[in-house]
Structure formats: structure tokens, C-alpha cells
Amino acid sequence: MMRVRSDFHPLLRFFVYAMMILFTLLTIAPLIWLILSSFKTTTEFQLNRIGWPQNPTFFNYTSAWKLGKFGTLFLNSLFFTIASTLAIIFLAVSAGFAFAKIRSKATPILHGSFVIGILLTIQSIMVPLFLLVNAVGLYNTRTGVLIPYIGMGMPMAVYLCTEFIKGIPDSVVESARIDGASYLKILQAIIWPMTRPVAVTLAILNIAGVWNEFMLINILVSSESLRTLPVGILRFSSALSSDYGRQFAALVIGMLPMVIFYLVFRNQITKGVSAGAIKG
Amino acid sequence: MKRKMLGAEEKRAYWLLVLPGVLIYWAVVAFPTIFSLVLSLTNYNGGPLFGAKLDFVGFTHYARMFKDQYFWISLKNNIYIMLISLFGQIPLGFLFAYVIHRRLVKQRDFFQTMIYLPSVISTIVIGILWQSFFSPYGPFTELMQKFIPNWENELFYDPKKAILPVLFVILWMYTGTYLIIFLANLQKIDPALIEAARIDGASEWQVLTRIILPCLSGVILTTAILAISGSLKSFDLVFAMTAGNPARRTSVLSLYMYDNAFRGAPNYPRANAISVFMVVLSLILIWIVRLTESRFGGRE
């Protein structure tokens, strides 16, 4: 079964291979170039832009790490990613359970508002959101970043949770009701453990989204101590735009965590992405 | 009496579960949307907001926005991005998914991993990386000069061509997402259906056009929705790669809004007008796609 099929025209096969190899090369070549360049000093890079490093050095990395305050950037990225992911899962499973299993006249409006939000891009409200965060005095605070991150992740999360919990038979909830369990008890004891698969999907989608988020945190935060990796890297590389070696090292540092995350959780990510691509 | 108490518990539980999520979401998404609609009609340009006296000026800011050439440049670039998504990423993503699913190549896992890899890396890193790659000092220039010795790298200086590298990177970055979506849905099609058709003598081309494409019509529509709404999202990449330059020729709507609010003297009313324009645009696009969906029954 796993054999490659042989009943295709060789020319077609050649064309298909060529396209795939081209795309693969386009991914690998710039990354290898980046990694090789990050081990060259800037002086060497200016003489030798493509080749193998003559005197590979780690200096770029240690110096970029210190100068760019990457320790702080990492901790902040970790904080926002973990906190928003946990909050989104908790809030979305709760709301999804209510939407799916408790009858209410409010559901079409409330649930509908989340569904609209799936396709409303957060980019289109960046400035009003900034003005609002400013007006309520949350500019340049952790809360002022965290709340938008949670709100932004809710539409997709609520949608996926509601659909998932709808798939749990009503009889599970009803029999627990007959035994006298409250809805909160049912959520905690029955639904919560059953929603693990969807929680994993939500976590994957949100971790990738928040870890790489740049647009909002760039305008909502000004002090260095609150910056995350994407902001830090951009500031660092525009400040040192001609110091190629260190800039490339910074890019590698910024890229590595997500590449590792992807290679480790490849299958779950693939599943999460296709689950996230629901029909509007 | 018991029923009524149960009803009350049910209601309490419902609101307790739903409200926190709804409130945060509305505060972050719904409220700013309305808020920008109001502010775009006023002269509010900073300062304390609550309790401030707002000066309503009607649609002045919209009129000015529509007269601004940079608005049209940005909109045009958003449309280019939408077109490259619809007619570049989606067909390529489908082709790759099809080839992988039908086992036309070896090393399928490897290809899939590599083609999707760019979309997990931070857009900022990608933007800076490709900017250095295409820059006059980067390897692209050196490679080109091996073939054409006198080649001058004007990619980021020629206002007419500067958007091309950005479009290329967008194509490169997100094709993998569509590959994954199509692959997941191809795997849902019953292989027995295809086997049966093959036994009855259908060619690969007939299998593709008569069985696979009709089965995927819903997914194709979904990807189109994603591509259209996604094209309004582009901000980070342009910000990191060109910052809108040269001469704002690579700006997009979100960057145009950013520029009005944060570059130079702030013009919040204009920024709010752009925001409203973008929200309305995406609602119209969603509505159009919904309409096509109900017309053609494009659901799976």
C-alpha cells in the first residue's frame, strides 16, 4: 500500500517532483544560509556572503542574547502564551458547554457573535483597540496585553468547543441531571475530561498564534521589560541593521523554539490547522 | 415548584458559564468596532476619552480618506495579496496535497513538513530573513550576478516592483496551510469510491474531476473564505520586510491605519475611519461568500 504508484506519465511525475523540490529548497536554502551566516563575524560576512564560515564563532549568539535581553523576551513570550492559552481553554469549554447543552434564547445571538468574529480580523481594529486600552488605563501593562489576546482567541475556540460538545450525546448530561447533579458539577466531572482532544487543538492553535504575535503587543506595550520575542527581535535588528552576524544570530534564536515545537508536535499541529479551517 | 427551581439553576449556570467569555470577547472585539465607528465621525484626536466632549463632523474623515492616494495604494496591495492567495496558494496547495495523497512522490512526510514549516516561524523573523536575502547585500544578488554579471538589485527601490518580493514571500509562507487543509479533507474521501472508479476504467483525470473535486467543493469554498479574510490580516510581514517603503508603495490597509495613528502626528479620526472601512469590507466579503454558499450548496 505504501508503494509509490507507477501508473503516471513520467513527464507529469517529473513536473510534480520539480515543483515540490523547488518549494522544499525555498524553505531549506534560506534557513541554512541564515544559520551559516549566524556563525560568521560581520567582517567575514561582508567578504563571504554565501559560503561556509571560515572561522565559525559563537560570539554572535552570546552577544546577541545579552544585548537583545533575550532572557526577558523569552520569559514574557512564555508568560503571555501560557496564560492566554489556559484562559482561552477554560473560558471556551465553559461557554461551549452552555451553548451546546443548556437551552437558552440568548444562544443564537451570543454564539452567533463568536462565529462572526472568526472571520473578523483583529488587524482591522488595531487602532480602536489601542485607544480603548489606553482609555481604561491598561496601556503598557501585562493585563492590557493578556485580555486582548484572550478575546482574540475566543471566537475560534468557542466555535470548536461548541461543535465538539454537541457531539457528546445528550443522554450523558440528562442522566446526570436525573441523578441530581448541577450543571457546574456535570461540566467539571463529565464534560471537562471528555474535551481533552479539543483542548489540545485549541492549545496548539493558540500557542503558535500568541508566540508569534507582533502587531498588538508592538502598540500596546512600550517598556522593554514587557516585550516579547517578535518585538524584541525587530527592535534589535533595526537598531543593528548593518551588524549582520548578531542580527542573524538573533533571528535563529527567535526561530528555533517554534521550529522545535513544530517538529515535535507535527501531527497534532497538522490536525489543529485542519480543524481550525472550518466553514465560516 | 421543583421545575421552577430547576429552571432558575439552569439559567444561573448558563450565564455563569457564558458571561466571562462573552464579556472579554465583546470588550476586545465588538466594543472597539462600534467605538471606532463613533470616533471616526468626530474630531477626537487623543486625550482623555471618557467624559470628553466629542465634536461630530459627519463623514469628513471618510471623504478625506477616499481622496488620499496612499489609501488606494494600500487597498490595491491588499487586493494583490488576495489574488495571490486565491490563485496561487490555493491551487498550489491543492496540487501538493493531491500529489501527496495519491502517492505520486516518495518522501511524502518530508515534503509535507518542509512546505508547511514556514508558517510556524514568526512572521517578523521571516520578514527580516527575506529582506536580508533579497537585499543588495544578500545572496540573491550574488546568485543573480552569477548569471547576469551586470545585474543591479533594485527590488526594494523600484516603487513598481517592491511589492513583488512581498507577494512571493506570502505565497511561499502560506501555501503549506492550504496543503494541510486539502490533505486532511482528501483523506476523508472513501478510498473505495476511487478504487471502484479505477476498476471501471476511469482515468486519473476523470477521478480528479468527477469524484475528488466535487467532494471537495465545500472545502474549496472554505479555503477561499480563509484566503479573502486572511488577505486583510497582512501586517507583520510587510512591517518587517519593507515597512511600507519605498515611498509607502508596499503599504497595506492595516499598515496605512498604523501609519496614521503612530507615525508622525497622530490622526486618530482617519485611523478609525480606516478601521471601519476594513470591518465593513470584511463583513461584505463574508456576506458574499455566504451568499454563494447558499446559492451553490457548497457545504460538505
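Chains as they are written, first to last, in my numbering: chain Z, 13 to 292; chain W, -8 to 291.
We treat Cβ as the ideally placed atom computed from N, Cα and C, and that holds for glycine.
#1: Could you give the C-beta distance for W163 of chain W and L38 of chain Z, rounded to a whole number, given that I count them as a contact under 8 Å?
#2: Ignore the nearest five residues each way along the sequence and tell me which others in V267 of chain W's own chain have a CB closer than 6 Å to its CB.
#3: So is F126 of chain Z in contact with chain W if we call contact Cβ pairs under 8 Å?
#4: Taking only runs that begin and end inside the segment 228 to 287 of chain Z, name each unbroken alpha helix (DSSP H) of 4 or more residues, in chain order.
#5: Starting from the C-beta of L10 of chain W, find all residues in its chain whose C-beta is less than 8 Å away, skip the five residues before and the five after it, and write them out in chain order.
#6: Kindly say whether V198 of chain W, judged by its beta-carbon, lies nearer than 8 Å to any beta-carbon of chain A.
#7: I'd like the span of the alpha helix (DSSP H) that includes H92 of chain W, first residue to last.
#8: Is Y73 of chain Z close to chain W, meaning its C-beta is less than 8 Å from at least one C-beta of that chain?
#9: Taking only beta-carbon atoms, is F85 of chain W less than 8 Å away from chain Z?
#10: Do you know how far the Cα of T55 of chain Z is from the Cα of G284 of chain Z?
#11: What whole-angstrom Cβ distance do R261 of chain W and H52 of chain W have, given they're in contact under 8 Å?
#12: Looking only at its chain, what residues have a beta carbon closer than 8 Å to the beta carbon of Y107 of chain W, apart from the 5 residues adjacent to it on each side?
#13: Would a check of beta-carbon distances place K224 of chain W closer than 8 Å to chain Z?
#14: Check whether the Cβ atoms of A218 of chain W and L83 of chain W lie closer than 8 Å to each other.
#15: Any chance the segment 71 to 84 of chain Z sits against the segment 241 to 249 of chain Z, with 3 or more Cβ pairs inside 8 Å?
#16: Taking the continuous alpha helix (DSSP H) assigned at A252 of chain W, which residues delimit it?
#17: Name the residue from W:V90, W:G118, W:T283, W:I115 whose alpha carbon lies nearest to the alpha carbon of L199 of chain W.
#18: Among W:A188, W:Q60, W:D250, W:M269, which one has its Cα closest to the Cα of S136 of chain Z?
#19: Where does W6 of chain Z land, buried or exposed, given buried means 16+ other C-beta within 10 angstroms?
#20: Under a Cβ-count criterion, where at least 16 other Cβ atoms within 10 Å of its own Cβ denotes burial, should M14 of chain Z be classed as buried or exposed?
#21: Of all the residues that make up the segment -4 to 16 of chain W, which are near chain Z by a beta-carbon distance shorter than 7 Å?
#22: Whose Cβ in chain W lies nearer than 8 Å to the Cβ of L241 of chain Z?
#23: For A33 of chain W, which beta-bridge partners are listed by DSSP?
#24: Exposed or buried, what is F101 of chain W when buried is set at 16 or more other beta-carbons lying within 10 Å of its beta-carbon?
#25: So what does DSSP say about G(-2) of chain W, is it helix, strand or coil?
#26: Please specify which runs of the alpha helix (DSSP H), each continuous and at least 4 residues long, are wholly inside the segment 209 to 282 of chain W, giving them in chain order.
#27: Anything in the segment 104 to 132 of chain W with a Cβ closer than 8 Å to a Cβ of chain Z? List those residues in chain order, please.
#28: Determine the direct distance from the alpha carbon of V139 of chain Z to that of N263 of chain W, and round the result to whole angstroms.
#29: So which of Z:L238, Z:P167, Z:L59, Z:V105 has the shortest CA-CA distance to I203 of chain Z?
#30: Using the Cβ count rule (16 or more neighbours within 10 Å means buried), how would you classify T283 of chain W?
#31: Looking at the C-beta of F253 of chain W, does it have a partner C-beta in chain Z at a distance below 8 Å?
#32: Would DSSP call N67 of chain Z helix, strand or coil?
#33: Can you have a look at S286 of chain Z and say buried or exposed, based on whether 16 or more other CB atoms are within 10 angstroms of its CB?
#34: What are the residues in the segment 16 to 27 of chain W lying within 8 Å of chain Z by C-beta distance?
#35: Find the nearest neighbour of A231 of chain W within the set Z:R115, Z:L263, Z:F57, Z:D255, judged by alpha-carbon distance.
#36: Within the 8 Å Cβ cut-off, does A175 of chain W reach chain Z?
This is what the structure gives:
#1: 6 Å
#2: S27, L28, S31
#3: yes
#4: 241 to 251, 256 to 276
#5: none
#6: Structure shown: chain A not included; protein chains present are Z and W.
#7: 81 to 92
#8: no
#9: no
#10: 44 Å
#11: 5 Å
#12: G167, T168, L170, I171
#13: yes
#14: no
#15: yes
#16: 244 to 253
#17: W:V90
#18: W:M269
#19: Residue 6 of chain Z falls outside the range modelled here, since chain Z spans only 13 to 292, and no answer is possible.
#20: Its pLDDT being 44, under 50, M14 of chain Z is placed unreliably in this model, and the value from its coordinates should be taken loosely. The residue in question, M14 of chain Z, is exposed, as its Cβ has fewer than 16 Cβ neighbours within 10 Å.
#21: E0, E1, A4, Y5, L8, V9, P11, G12, V13, I15, Y16
#22: S113
#23: Sequence inspection shows Thr at residue 33 of chain W; the Ala mentioned does not correspond to that position. Looking at the DSSP assignment, T33 of chain W forms a beta bridge with W:F47.
#24: exposed
#25: helix
#26: 227 to 232, 244 to 253
#27: T104, M105, I106, Y107, L108, P109, V111, I112, S113, T114, I115, V116, I119, L120, W121, S123, F124, Y128, G129, P130
#28: 7 Å
#29: Z:V105
#30: exposed
#31: yes
#32: coil
#33: buried
#34: Y16, W17, A18, V19, V20, A21, F22, P23, T24, F26, S27
#35: Z:L263
#36: yes
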